[in-house]
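Asker: Under the numbering used here, the first residue of the sequence shown is numbered 7, with each subsequent residue one higher. Just so it is clear, CB atoms sit at the ideal spot from N, CA and C, and this is done for glycine as well. Shown below is the structure under consideration.
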Amino acid sequence: MSSIRPIQSRLSDNILDTASPRKHKIMNAGQEILKPKPTSKKSSRPTSVLMDAFEDMTDKKEDFFNLIAPYFHEIPVPSGVILWFQGDTPDCLYLVERGILRATWRAKEGDPSRPVESILPGTLAGELGFFTGRKRDATLVTDSECILWKMEKSDFDSLLAKDPNTANTFMRLALNFSAERLIAMTYYAFHLSL
């Protein structure tokens, strides 16, 4: 009686090792994209969060973000906290490190609030009003526990007095961030209506 032996004596530890060449290439691409970005040991959390937020919009390096990082202050915020109301005068902007913010809007007093945007980690909130002085267009609420980095008007004024070029570059980057978000939202809205 002959014994039957398996062709492969041991199953692969990684099921993807047996995948097609195409899947292998996709897996390698995914691992390359998700590889942690190198930052120096001197890089602080606000610096790395700022770099992640602006990486697709600028060629500015870590040294630039190190200059503005001290003007941001970490604020842990529980879920359900109102950060500002529609119509408020802007006095700060936020950089979201962790959690989700929800922007709601109402056409007129007494109307129900409608969600207009979810603001995710790596995103600025409130930059347009902060730099233009326009009243807040929406109410901003934490949708989950958040770690936010807050820049107050006094922080930006200090940066502007100390290093006007860096302050103006940051302002242009932040406003470009708003423009990119507006383009994405407009594109999405037009495709919904088709």
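Taking 8 Å as the cut-off, does the stretch 84-98 touch the stretch 56-65 (at least 3 CB pairs, one atom from each stretch)?
Answerer: No: the two stretches stay apart, fewer than three of their Cβ pairs being nearer than 8 Å.
Asker: Out of curiosity, what's the CA-to-CA distance linking Lys168 and Ser50?
Answerer: In the sequence shown, residue 168 corresponds to position 162, counting from 1. In the sequence shown, residue 50 corresponds to position 44, counting from 1. Those two C-alpha atoms are separated by around 21 Å.
Asker: State the Cα-Cα distance for the pair Ala144 and Ala173, rounded to the nearest angstrom.
Answerer: Within the sequence shown, residue 144 is the residue found at index 138, counting from 1. Within the sequence shown, residue 173 is the residue found at index 167, counting from 1. Spanning the two alpha carbons is a distance of roughly 26 Å.
Asker: Out of curiosity, what's the CA-to-CA distance linking Asp161 and Pro76?
Answerer: Locating residue 161 in the sequence shown gives position 155, where the first residue counts as 1. Locating residue 76 in the sequence shown gives position 70, where the first residue counts as 1. Going by the C-alpha atoms only, they are around 9 Å apart.
Asker: What number of angstroms, rounded off, separates the C-alpha of Arg142 from the C-alpha of Ser124?
Answerer: In the sequence shown, residue 142 corresponds to position 136, counting from 1. In the sequence shown, residue 124 corresponds to position 118, counting from 1. When rounded, the distance between both Cα atoms is 16 Å.
Asker: Quick one, which of Asp163, Pro127 and Leu166 has its alpha-carbon nearest Leu56's?
Answerer: Residue 56 sits at position 50 when you count from the first residue of the sequence shown. The candidate whose alpha carbon is nearest that of Leu56 is Pro127.
Asker: From which residue to which residue does the alpha helix (DSSP H) around Pro52 run?
Answerer: What you label residue 52 is simply residue 46 of the sequence shown in a count that begins at 1. Unbroken alpha helix (DSSP H) run through Pro52: Arg51 to Phe60.
Asker: Restricting to Cα atoms, I'd like to know which of Pro170, Pro118, Leu89 and Gly116 is closest to Ala131.
Answerer: On the sequence shown, position 125 is the one that residue 131 refers to. For Ala131, the nearest C-alpha among the options comes from Leu89.
Asker: Could you pull the start and end residues of the alpha helix (DSSP H) that Lys3 belongs to?
Answerer: Past the boundaries of the shown model lies residue 3; the chain is included only from 7 to 200, so the question cannot be answered.
Asker: With DSSP as the reference, identify every bridge partner of Tyr100, one or two as the case may be.
Answerer: Start at 1 with the first residue of the sequence shown, and residue 100 comes out as number 94. According to DSSP, which records beta bridges pairwise, Tyr100 is partnered with Ala131 and Lys156.
Asker: Can you tell me whether Arg108 is helix, strand or coil according to DSSP?
Answerer: On the sequence shown, position 102 is the one that residue 108 refers to. In this structure, Arg108 counts as strand in the three-state DSSP scheme.
Asker: Label Pro52 either buried or exposed according to how many other C-beta atoms from any shown protein chain fall within 10 Å of its C-beta, with 16 as the threshold for buried.
Answerer: Indexing the sequence shown from 1 puts residue 52 at position 46. Under this definition Pro52 is a buried residue.
Asker: With 16 other CB atoms within 10 Å as the buried threshold, where does Lys114 fall?
Answerer: Numbered from 1 along the sequence shown, position 108 holds the residue referred to as residue 114. Exposed is the call here.
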